[in-house]
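2 is the number of the first residue of the sequence shown in the numbering used here; add one for each residue after it.
Every residue gets a Cβ at the ideal spot worked out from N, C-alpha and C, and that includes glycine.
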Amino acid sequence: MLILGVDPGTAITGFGILQEKASKVKALQYGAIKTEPDIDMAQRLKCIYDEVIQLLNEYHPEVLAIESLFFNKNVKTALTVGQARGVVMVAAANCGVEVVEYTPLQVKQAVVGYGRATKCQVQEMVKILLSLAKPPSPDDVADALAVGICHVHSRKLRDILMEK
């Protein structure tokens with residue numbers, strides 16, 4: 002199974018293409034979609050949309066795993082992240098790719114085993130779980146890979162529970 006994990010943001014959207022095969026998870030590609038701060042929001046969102054469409058067309062993942070929006074003290078930040086999430090989800094829908102959402106707490110529990118883990122702990126565990134030479138950077142990329150790993154673990158549990 003191929004999974005596209007995404008950590009959305011208007012300045013940086015992290016992504017990671019994961020392959021799950023025979024209970025092993027491997028990172029095929031990962032990185033960040035960066036937008037220029039001096040262009041208007043519509044153009045930034047179009048850039049994110051276009052890049053995600055390119056990833057979907059190149060890798061043909063079966064599912065897109067994305068971090069769900071959590072309430073932030075900074076309303077402006079929450080709104081812009083919500084806009085980035087929206088264009089990513091529309092891109093997946095336009096390509097016929099299933100979208101699944103996980104809370105930050107679920108992601109941290111699945112990857113680190115502790116829901117209040119730090120960004121550094123998430124980066125280090127992603128490095129270990131995917132046998133990477135160094136922790137993925139920036140942390141948006143590690144978060145995107147972590148969301149993908151969370152989906153692998155959650156799907157396995159769901160499959161086990163459905164067998165019973």
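Using a C-beta cut-off of 8 angstroms, the region 7 to 17 makes contact with the region 26 to 34, since at least three inter-stretch Cβ pairs fall below that distance.
Rounded to whole angstroms, the gap between the alpha carbons of Q44 and A85 is 12 angstroms. Counting along the chain, Y103 sits inside the beta strand (DSSP E) bounded by residues 99 to 103. Annotation for D51: the continuous alpha helix (DSSP H) segment containing it runs 42 to 60. I67 is classed as buried because its beta carbon has at least 16 other beta carbons within 10 Å across all chains shown. It is roughly 12 angstroms from the alpha-carbon of C151 to the alpha-carbon of L5. Comparing C-alpha distances from L65 to each of Q20, V112, L133, P137 shows the shortest one belongs to Q20. Look at K22 here: in three-state DSSP terms it is strand.
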